[in-house]
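S.K.:
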Amino acid sequence: MHIFLYGPSGAGKSTLAKKLARALNLPLYDLDSEIENQSGLSIPDIFASKGESAFRLLEHETLSALILDTVKGDSVIALGGGALLKPESRTLAESHGQVLLLTAPFDILLKRLSESSEERPLLNVIASEAISTPQADDTSANPSFDYDAQPASPLRTWDVASSERSETKSKSGSAEKLQHLLATRREHYASFPLQIDTSSASPAKLVKQIQRQLGWFHVRGMGRHGYDVRVQPGGIDSLGAMLKARNLGGPVAVVSDSNVAPLHGQRALKSLRDAGYSVELVVFPAGEQNKTLETVAGFWQAFLALGMDRKSTVVALGGGVTGDLAGYAAASYLRGVDWVGVPTTLLAMADSSLGGKTGFDLPQGKNLIGAFHPPQLVLADPETLSTLPERELRSGLGEVVKAGLIADKGLFEMLRDLGRNGVQSLPTLDGDEKKLQRLETLESKMLEEIVRRSMSVKIEVIEADPYEKGFRAALNLGHTIGHAIELASGFELFHGEAIAIGMVIAAQMAEKRGVARPGLTDEIRGTLTGLGLPVDVPAGMNPESIIKAVGVDKKKASGKIKFVLPVRPGLVQVGVEVAGWQEMVLEEIKK
């Protein structure tokens, strides 16, 4: 799969392609540079000597060779402004990746072109693809791929710092030519569904927006090279190819629970076998109550029976329990083997599949035994959410609300509006058997965006603090109390439901301490209620069991309970000691 950056001259294709490739740890190619390298002529010389029609044919041939022969694996490819005008070129690109159209207002395009030093044959002005000069504080360079020192690289380095300016064309003439070119291609450019306005933010922020829009991420900070994250509808069918592209070895054990294995297990096995892997499905009984050392020991026995060695791979296919258990089994088997996460629940996609946390429960609390062991790949296939029971989907929305409160105000507002516009009118929760139908208010495209945005929030947090020494604790919003409520319920409450209650209590603490703006608790309560999530501690729950469970929570530091408190949507405060928190919890239970 490739990411193709496309759009008019001056939109910033080459600059953003370079920065995006760095962020994703991918090789970078520039189609115009490939053409020049293979033809031995500059682009202006090709236009001058052979004409545009001949150039378009050469462009298509070069693109075909690049995609089908030259590039092995994922990459970022910067295209010329008319590279996909030929229908066959567009079909080729769209069948081998995602095309993102870069746009900008006319005056911005004209300004960039007039200030730069690259000749554009169709405009006959001196122009460049760059948005701005590289910043001195750009430290995102990938240590394992040197983009600036490839002796035979096809990449183009645009001379954006050049002081030479051509004055051979008047500004009015340049504007007319650009207007004509844009008018000619208006319908063509408008036909691409994925677009981003490059005038809206700095290159660094644009790269983050692109990753979020496409669902392509690379997590750094854990392990030597980091790991890829992909949000890809239908991605399970490409699982085997993705493992092969990352040189992951076999045999492969696909670990899944008794609910997920019948739904998605055979697709995963087929994909892996088609890629040449020896693979077996390892199934365990579903449920948090089975998140135990005994279950992990069963995995170890299965791995031994399969003949797995240190080059083998574990695939965790399922929700958060599956990911935690399979990841820990991989971390401890033969002192550590590779593993891949394939989350199939909204909760796992939004939260637990990312960050490399693995482990199992003890009777005293959740996840008290575990290890940091990052996966080699996380593949989220939003199509699996169509099989999710309604209550599971709602539970996952609790973690998505958390992500919005931590660092994405727009995501929180989307969920708030979603609740107001109809999710609350869904049938009353009546157990796991009811499936969520394709509702107008929560269609597949919206779910995919929810997954991409919530994963983006967590990735940004864990990259800043991979081993939870500081701000990563923000991800524990609602969890200190929520985990205790979940445990005290005997796991009758789903994780996201318990976290929803925990977030409301955290908001109450924040308002009472003056940390949060007045009314935040009501706003959070209203959003969660609208999404069908509980906001009050269930009647009959033993208060002392909740207080006791908080006391053994793994997030305790130096014997003290620290809380994450929401300040406003998109901002939280971490490491807060709250005097009298026990009384606040007891007061909430009495309600």
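Count the sequence shown with the numbering used here and you get residues -1 to 589, in order.
Beta carbons: idealized from backbone N, C-alpha and C, even for Gly.
Because the structure is a prediction, the values reported are computed rather than measured.
Identify which residue in Ala284, Gln374, Leu383 has its Cα closest to the Cα of Gln230.
M.R.: Walking along the sequence shown from the start, residue 230 turns up at place 232. The option with the nearest alpha carbon to Gln230 is Leu383.
S.K.: Between Lys558, Thr519, Ser112, which lies nearest to Pro567 when the distance is taken from Cα to Cα?
M.R.: On the sequence shown, residue 567 is found 569 positions in, with the first residue counted as 1. The shortest Cα separation from Pro567 among Lys558, Thr519, Ser112 belongs to Thr519.
S.K.: Quick check on DSSP: helix, strand or coil for Phe104?
M.R.: The residue labelled residue 104 in the question sits at position 106 within the sequence shown. The answer is helix: DSSP assigns Phe104 an H, G or I state.
S.K.: When we look at the beta-carbon of Ala188 and count the other beta-carbons within 10 Å, is it buried (16 or more) or exposed?
M.R.: To locate residue 188, count along the sequence shown from 1; it is residue 190. With a 10 Å radius around the Cβ and a threshold of 16 neighbouring Cβ atoms, Ala188 comes out exposed.
S.K.: In angstroms with no decimal places, state the Cα-to-Cα distance between Leu212 and Met582.
M.R.: The residue given as residue 212 occupies position 214 in the sequence shown. The residue given as residue 582 occupies position 584 in the sequence shown. The straight-line gap from Cα to Cα measures roughly 43 Å.
S.K.: Determine the extent of the beta strand (DSSP E) in which Ser598 is found, giving its start and end residues.
M.R.: Look at the range of the chain in this structure, -1 to 589, and you will see that residue 598 is not part of it.
S.K.: Could you tell me which uninterrupted beta strand (DSSP E) segments, each at least 3 residues in length, are contained entirely in the stretch 56 to 82, listed from first to last along the chain?
M.R.: Those beta strand (DSSP E) runs which fall completely within the stretch 56 to 82 and span 3+ residues are 73 to 76.
S.K.: Quick check: the stretch 44 to 61 against the stretch 197 to 212, are there 3 or more CB pairs under 8 Å?
M.R.: Flag = no, the stretch 44 to 61 and the stretch 197 to 212 do not touch.
S.K.: Any chance the stretch 537 to 546 sits against the stretch 375 to 395, with 3 or more Cβ pairs inside 8 Å?
M.R.: With a cut-off of 8 Å, the stretch 375 to 395 and the stretch 537 to 546 do not count as touching, because too few Cβ pairs lie within range.
S.K.: How is the beta strand (DSSP E) around Ala369 delimited, first residue to last?
M.R.: Translated into the one-based positions of the sequence shown, residue 369 becomes position 371. Segment 363 to 370, the beta strand (DSSP E) holding Ala369.
S.K.: Report the rounded CA-to-CA distance for Val227 versus Tyr4, giving the unit in angstroms.
M.R.: As a working mapping, residue 227 is identified with position 229 in the sequence shown. As a working mapping, residue 4 is identified with position 6 in the sequence shown. Cα to Cα, the separation comes out at about 23 Å.
S.K.: Please classify Val63 as buried or exposed, where buried requires at least 16 neighbouring CB atoms within 10 angstroms.
M.R.: Within the sequence shown, residue 63 is the residue found at index 65, counting from 1. The amino acid occupying residue 63 in the given sequence is Ala; Val does not appear at that position. When all chains shown are included, Ala63 counts as exposed.
S.K.: Pull up the CB-CB distance for Val572 and Ala482, whole angstroms please, since I reckon it's below 8 Å.
M.R.: Residue mapping note: residue 572 aligns to position 574 of the sequence shown, counting from 1. Residue mapping note: residue 482 aligns to position 484 of the sequence shown, counting from 1. Their Cβ separation, rounded to whole angstroms, is 19 Å, which puts Val572 and Ala482 out of contact at 8 Å.
S.K.: Hey, how far is the Cα of Glu278 from the Cα of Asn419?
M.R.: Position 280 of the sequence shown, counting from 1, holds the residue named residue 278. Position 421 of the sequence shown, counting from 1, holds the residue named residue 419. A direct Cα-Cα distance of roughly 44 Å separates Glu278 from Asn419.
S.K.: Suppose you measure from the CA of Pro260 to the CA of Leu107; what does that come to, to the nearest Å?
M.R.: What you label residue 260 is simply residue 262 of the sequence shown in a count that begins at 1. What you label residue 107 is simply residue 109 of the sequence shown in a count that begins at 1. In a straight line, the C-alpha of Pro260 is about 53 Å away from that of Leu107.
S.K.: Tell me, please, which residues DSSP counts as bridged to His0.
M.R.: Here residue 0 corresponds to residue number 2 of the sequence shown, with the count starting at 1. Paired residue(s): Ser73, Gly95.
S.K.: Counting only the same chain and skipping the five closest in sequence on each side, list residues whose C-beta sits under 6 Å from that of Gly233.
M.R.: Along the sequence shown, one-based indexing puts residue 233 at 235. The residues are Leu377, Asp379.
S.K.: Does the contact criterion of 3 or more C-beta pairs under 8 Å hold for the stretch 348 to 357 versus the stretch 445 to 457?
M.R.: Output reads yes: the stretch 445 to 457 touches the stretch 348 to 357.
S.K.: Could you compute how far the alpha carbon of Ala239 sits from the alpha carbon of Val252?
M.R.: One-based indexing of the sequence shown puts residue 239 at position 241. One-based indexing of the sequence shown puts residue 252 at position 254. Going by the C-alpha atoms only, they are around 15 Å apart.
S.K.: Check for me: the beta strand (DSSP E) holding Leu377 runs from which residue to which?
M.R.: Along the sequence shown, read from residue 1 onward, the residue named residue 377 stands at position 379. It spans 375 to 378 - the beta strand (DSSP E) in which Leu377 sits, taken as one unbroken run.
S.K.: Roughly how many angstroms separate the alpha carbons of Leu593 and Glu411, rounded to a whole number?
M.R.: The structure shown does not extend to residue 593, since the chain is modelled only from -1 to 589, so the question has no answer here.
S.K.: Buried or exposed for Gly512, please, with buried defined as at least 16 other CB atoms from any protein chain shown within 10 angstroms of its CB.
M.R.: Taking the sequence shown and counting its residues from 1, one reaches residue 512 at position 514. Answer is exposed; the Cβ neighbour count stays below 16.
S.K.: What ranges does the beta strand (DSSP E) occupy inside the stretch 492 to 556, keeping only unbroken runs of at least 3 residues that lie completely in it?
M.R.: If we require 3 residues or more, the stretch 492 to 556 turns out to have no beta strand (DSSP E) run fully inside it.
S.K.: Identify which residue in Val281, Leu246, His477 has its Cα closest to the Cα of Asn257.
M.R.: For the purposes of this step, residue 257 is taken as residue 259 along the sequence shown, with counting starting at 1. The shortest C-alpha separation from Asn257 is found at Val281.
S.K.: Between which two residues does the beta strand (DSSP E) harbouring Gln193 extend?
M.R.: Here residue 193 corresponds to residue number 195 of the sequence shown, with the count starting at 1. Unbroken beta strand (DSSP E) run through Gln193: 193 to 195.
S.K.: Look up Tyr225 in the DSSP assignment and give the residues it is bridged to.
M.R.: By 1-based counting over the sequence shown, the position of residue 225 is 227. Tyr225 is bridged to Val217.
S.K.: Below 8 Å on the Cβ atoms is my contact criterion, and I expect Val217 with Val313 to pass it. Report the Cβ-Cβ distance as a whole number of Å.
M.R.: Within the sequence shown, residue 217 is the residue found at index 219, counting from 1. Within the sequence shown, residue 313 is the residue found at index 315, counting from 1. Not confirmed; about 18 Å, so no contact.
S.K.: Is the beta carbon of Leu409 sitting closer than 9 Å to the one on Ile448?
M.R.: Position 411 of the sequence shown, counted from the start, is the residue given in the question as residue 409. Position 450 of the sequence shown, counted from the start, is the residue given in the question as residue 448. Cβ atoms of Leu409 and Ile448: closer than 9 Å.
S.K.: Over the uninterrupted beta strand (DSSP E) stretch that includes Lys560, give me the two end residues.
M.R.: Taking the first residue of the sequence shown as position 1, residue 560 is located at position 562. Element bounds for Lys560: n/a, residue is neither H nor E.
S.K.: With a 10 Å radius around its C-beta and 16 neighbouring C-beta atoms as the bar for buried, classify Gly10 as buried or exposed.
M.R.: Residue numbering aside, residue 10 sits at position 12 when the sequence shown is read from its first letter. It is buried - the Cβ of Gly10 has at least 16 other Cβ atoms within 10 Å.
S.K.: So, with DSSP's three-state summary, where would you put Thr385?
M.R.: Residue mapping note: residue 385 aligns to position 387 of the sequence shown, counting from 1. If DSSP states are grouped into helix, strand and coil, Thr385 belongs with the helices.
S.K.: With DSSP collapsed to three states, give me the class of Val398.
M.R.: Along the sequence shown, one-based indexing puts residue 398 at 400. In the three-state scheme derived from DSSP, where H, G and I count as helix and E and B as strand, Val398 is classed as helix.
S.K.: Look at the alpha carbon of Leu100 and the alpha carbon of Leu179, and state the distance between them as a whole number of angstroms.
M.R.: As a first step, residue 100 is located in the sequence shown; it is residue number 102 there, counting from the start. As a first step, residue 179 is located in the sequence shown; it is residue number 181 there, counting from the start. Straight-line Cα distance between these residues: approximately 16 Å.
S.K.: Starting from Ala259, trace the alpha helix (DSSP H) both ways and give me its first and last residue.
M.R.: Here the question's residue 259 lines up with position 261 in the sequence shown. From DSSP, Ala259 is part of no alpha helix (DSSP H); its letter is neither H nor E.
S.K.: Out of Arg333, Thr342, Gly318, Gly363, point me to the one whose CA is closest to Gly353's CA.
M.R.: Looking up residue 353 in the sequence shown gives position 355. Nearest of Arg333, Thr342, Gly318, Gly363 to Gly353, Cα basis: Gly318.
S.K.: Output the distance between the C-alpha atoms of Ile404 and Lys355, rounded to the nearest integer angstrom.
M.R.: Within the sequence shown, the letter at position 406 stands for residue 404. Within the sequence shown, the letter at position 357 stands for residue 355. Linking Ile404 to Lys355 through their CA atoms gives a straight-line distance of about 19 Å.
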